[in-house]
Amino acid sequence: MSRAWALALAALLAGCGAPAGGLRATWRGTFPVPWRFAAPPAPVAGRYAMVVSDEPIASAVGDTILLKGGNAIDAAVATAFALEVVLPQAGNIGGGGFLVYRAADGRPYTLDFRETAPAASTPTMYLDSAGHEIHSSITGALSAGVPGSVAGLWEMHRRFGRLPWRELIAPAIALARRGVVLDAPRAAAFDDSINRARLGRFPSSVATYFRNGRPPVEGDTLVQPDLARTLELIADSGADAFYRGSIARAIVAEMRRSGGIITAADLAGYRAKWRAPLETTYRGYHIIGMPPPSSGGVTVAEILNILEAWGPLPRFGSAMLLHVELEAMRRAFEDRNAYLGDPDFVTMPLARLTGKAYAESLSRTIDPNRASPSVAGPAMPEGHHTTQLSVVDPEGNAVSITTTLNDDFGSAVTVAGAGFLLNDEMDDFTSRPGVPNLYGLVQGEANAIAPGKRMLSAMAPTIVLDPRGRPVLVTGSPGGPRIITAVEQVISNLIDQRMTLAQAVSAPRIHDQALPDSVFWERGGVTPDQRRVLEAMGYAFRAHPIVIGDVNSVLVTPTGLEGLADPRRGGAAAGW
Ligand code: GLY
1 MSRAWALALA
11 ALLAGCGAPA
21 GGLRATWRGT
31 FPVPWRFAAP
41 PAPVAGRYAM
51 VVSDEPIASA
61 VGDTILLKGG
71 NAIDAAVATA
81 FALEVVLPQA
91 GNIGGGGFLV
101 YRAADGRPYT
111 LDFRETAPAA
121 STPTMYLDSA
131 GHEIHSSITG
141 ALSAGVPGSV
151 AGLWEMHRRF
161 GRLPWRELIA
171 PAIALARRGV
181 VLDAPRAAAF
191 DDSINRARLG
201 RFPSSVATYF
211 RNGRPPVEGD
221 TLVQPDLART
231 LELIADSGAD
241 AFYRGSIARA
251 IVAEMRRSGG
261 IITAADLAGY
271 RAKWRAPLET
281 TYRGYHIIGM
291 PPPSSGGVTV
301 AEILNILEAW
311 GPLPRFGSAM
321 LLHVELEAMR
331 RAFEDRNAYL
341 GDPDFVTMPL
351 ARLTGKAYAE
361 SLSRTIDPNR
371 ASPSVAGPAM
381 PEGHHTTQLS
391 VVDPEGNAVS
401 ITTTLNDDFG
411 SAVTVAGAGF
421 LLNDEMDDFT
431 SRPGVPNLYG
441 LVQGEANAIA
451 PGKRMLSAMA
461 PTIVLDPRGR
471 PVLVTGSPGG
481 PRIITAVEQV
491 ISNLIDQRMT
501 LAQAVSAPRI
511 HDQALPDSVF
521 WERGGVTPDQ
531 RRVLEAMGYA
541 FRAHPIVIGD
551 VNSVLVTPTG
561 LEGLADPRRG
571 GAAAGW
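Heads up: the sequence shown at position 295 corresponds to 295 in the working numbering, and the numbers run straight through without jumps.
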């Protein structure tokens, strides 16, 4: 504790933890009636440090690490391991993710720990010769990519961590061994009929999560002894335990039992990769985003650039704002779906896609009175498979991490004896050309399956700096392709609409991803009047309302920090 206060004092004296003041909130509007977050939640206020994640215990773990004198990377690593225990539906040591890090000295870094396709994978591994699906890219061991999370957390700690690795995993081990009481939002995922059925197909998942053949309910204590042992091995031997030791052997054994193809060589060969951050601007603010193999940074940048080229945006609540947003989104998603993939395998026109000139040309194609043409498509489920954590420490280091298992509970396959779920990230590839994936995304050749390749993601961990280069926002979201539009709308709400963080995050969102060409909206978030105007312009509202994103953020204000977990899922901020 004393070290933490010493750090805070040092930061205060040096001015390096001093708050920026680049975002002034002046919005006086109201949200549509009835909108469930019409009264935005109060953010958690802090002066020096803040952790926001999808689970209150995990945020408290990160906060404790900061109080012990750990830095933002330490806190993020500890929070991520805690999330594996308390949020098994999204985890994740059996999945992968991305880090966007802005060090207090001003240098930005991005780390790619996305899963890779196993060496035995092929572009048509889920299809027969007639193009019909013969294997699932969503459920079962064959849907799993080589996990990247442990390598990513190990690598970010190796390069930037301060506290001992073991100390960061100790809280997760204790939580797994002693058990955690499931609260309502966490229990709801187990209660979902599809999730129950998927988990119920795999004896190791039933043994790990069910009691007497039934999934846990709110108030049950989830004790995970196998996971505790796995985490202990990782605490003792680092990433090697996972990729070369007994955990690797357990994964390979599970592959043999459950029909997967990940080998010992796939695991031993996995590497997290530092990538050049994707840096763009929006109306004078500086955006640090994740480059491919995530489409997040590029597509957020392209949407924002189109909005900037449009000029000052219409006021929040107007049908015209929804129109401009939807048109910008669909143009950026057309490019995303056509061009983006793993940079180690495909060449992408990134400079053009994120350039202001290109955005201007796209902006000029927006007809102020008409929607672009529509094509029918399926509705998209909303899951709890991805998770966002945002951290700022007393020195001014800022971390945004998004991780994912892809679907709720990933592939639904738990590694027997090791107690963690494997991802079903292979579905993020173009596994069936021309056919929508789990998220309704219809993607191109650039994202075809190839051995060792990383599947295209939509995760968009993001850090925004004010025009003087000081961090003002650390943010990100789960939600598949809705990650991109959720993050973009929060940024635009703050900068264009001058909302508070609570207003910007609580505001109803819309989403368009080019195909299926339907407006996606949140229940109660589009008024009958707005909808009438948009339908008259040619927009189709074919799908059911969905939840769009879950944006966990830290805002740096003139007086300190605000942490806000998106009220859509019931995460929590913890700070001081
Ligand atoms: N699995 C969702 C994503 O990475 O976009």
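All C-beta atoms in this analysis are idealised placements derived from N, C-alpha and C, irrespective of residue type, glycine included.
- Excluding five sequence positions before and after Ser237, the CB atoms of its chain that fall closer than 8 Å to its own CB belong to Gly245, given in chain order.
- In terms of Cα proximity to Glu535, the closest of His544, Val551, Ser518 and Arg509 is Ser518.
- Pro108: member of the beta strand (DSSP E) spanning Pro108 to Phe113, first to last residue.
- Beta-bridge annotation (DSSP): Trp274 is paired with Leu111.
- For Ile401, the uninterrupted beta strand (DSSP E) segment begins and ends at Ala398 to Thr404.
- Pro277 is positioned such that its CB atom lies closer than 8 Å to that of Pro291.
- In the same chain as Val180, and ignoring 5 residues on each side of it, the C-beta atoms closer than 8 Å to its own belong to Ile57, Val85, Val86, Thr221 and Leu222, in chain order.
- For Asn212, the CB stays at least 7 Å from every heavy atom of the ligand GLY.
- Within the region 410-498, the complete beta strand (DSSP E) segments of 3 residues or longer fall at 462-465 and 471-475, listed in chain order.
- Using a cutoff of 7 Å, the CB of Gly69 does not count as near the ligand GLY, since none of the ligand's heavy atoms is closer than that.
- Fully enclosed alpha helix (DSSP H) runs of no fewer than 4 residues occupy 184-191, 193-200 and 203-209 of the region 184-209, in order along the chain.
- Sixteen is the threshold: when 16 or more other Cβ atoms of the shown chains lie within 10 Å of the Cβ of Asp496, as they do, the residue is buried.
- With the rule of 3 Cβ pairs closer than 8 Å, the region 520-531 counts as touching the region 316-331.
- With respect to the 8 Å criterion, Ser411 and Thr116 are not classified as neighbours on the basis of their beta carbons.
- One thing to note: Thr299 has its Cβ within 8 Å of the Cβ of Ala332.
- According to the DSSP assignment, His286 belongs to the beta strand (DSSP E) that extends over Tyr285 to Gly289.
- No residue range can be given for Gly140, since it is assigned to no alpha helix (DSSP H) and is classified by DSSP as neither H nor E.
- For the pair Ala235 and Trp165, the CB atoms are nearer than the 8 Å cut-off.
- Taking all protein chains in view, the Cβ of Asn406 is crowded by 16 or more other Cβ atoms within 10 Å, so the residue is classified as buried.
- Under the three-state reduction of DSSP output, Thr299 falls in the helix class.
- Secondary structure at Trp310: helix, using DSSP grouped into helix, strand and coil.
- Scanning the region 518-547 for uninterrupted alpha helix (DSSP H) segments of 4 residues or longer gives 528-537, listed from N- to C-terminal end.
- CA-CA distance, Ala504 to Thr124, rounds to 42 Å.
- Counting other Cβ atoms within 10 Å of its Cβ, Pro225 stays below 16 and is therefore classed as exposed.
- Its Cα nearest to that of Asp550, the residue Glu488 stands out among Gly575, Glu488, Arg532 and Thr559.
- The region 264-273 makes contact with the region 145-154; the number of CB pairs closer than 8 Å reaches 3 or more.
- Thr404 has its CB nearer than 7 Å to a heavy atom of the ligand GLY.
- Straight-line measurement puts the Cα of Arg531 at about 30 Å from the Cα of His385.
- In this chain, Arg330 is not harboured by any beta strand (DSSP E); it is covered by the alpha helix (DSSP H) spanning Ala319 to Tyr339.
- Every unbroken stretch of the beta strand (DSSP E) spanning 3 or more residues and falling wholly within the region 39-85 is given here in chain order: 44-46 and 50-53.
- At a cut-off of 7 Å, the beta-carbon of Ala49 does not count as near the ligand GLY: no heavy atom of the ligand is closer than that.
- Tyr101 sits in a strand when the DSSP states are folded into three classes.
- Taking C-beta separations shorter than 6 Å and ignoring five residues to either side along the sequence, the partners of Ile366 in its chain run Glu327, following chain order.
- No heavy atom of the ligand GLY is found nearer than 7 Å to the CB of Glu115.
- At a threshold of 7 Å, Thr280 does not count as near the ligand GLY, since its beta carbon sits no closer than that to any of the ligand's heavy atoms.
- If you draw a straight line from the Cα of Ala188 to the Cα of Val217, it comes to about 8 Å.
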